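J.: Have a look at the structure that comes next, please.
In the numbering used here, the protein residues as written are 125 to 205.
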């Protein structure tokens, strides 16, 4: 069980990028995507707060430390991929 209860993570091969990407959703709403096309020292984050329309509005409010911890963990996954 993940400690990041309201976040979900998808590892994908997006045709927009050369290397694997990681998509982060919050309460089923796409939040952002991480990619390492510019190298392990230049991982980029792109936000997609309006990519999926859900029946109920999702408020993007969550603990900062939890999100930073998640990003750091996923960054290491990308570097290792």
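C-beta: ideal position from N, C-alpha, C; glycine also.
Please read these numbers as outputs of a predicted model, since none were measured by experiment.
What are the residues that DSSP puts in a beta bridge with residue 168?
T.: In DSSP, residue 168 forms a bridge with 159.
J.: Throw me the rounded Cβ distance for the residue 142 and residue 165 pair, which I believe falls under 8 Å.
T.: No, residue 142 and residue 165 are not in contact; Cβ-Cβ is about 16 Å, not under 8 Å.
J.: I need the straight-line Cα distance from residue 199 to residue 190, nearest angstrom please.
T.: 14 Å
J.: Can you check which of these residues, 132, 167, 128, is closest to residue 204 by C-alpha distance?
T.: 167
J.: Taking residue 147 as the reference, give the member of 130, 128, 129, 169 with the closest Cα.
T.: 169
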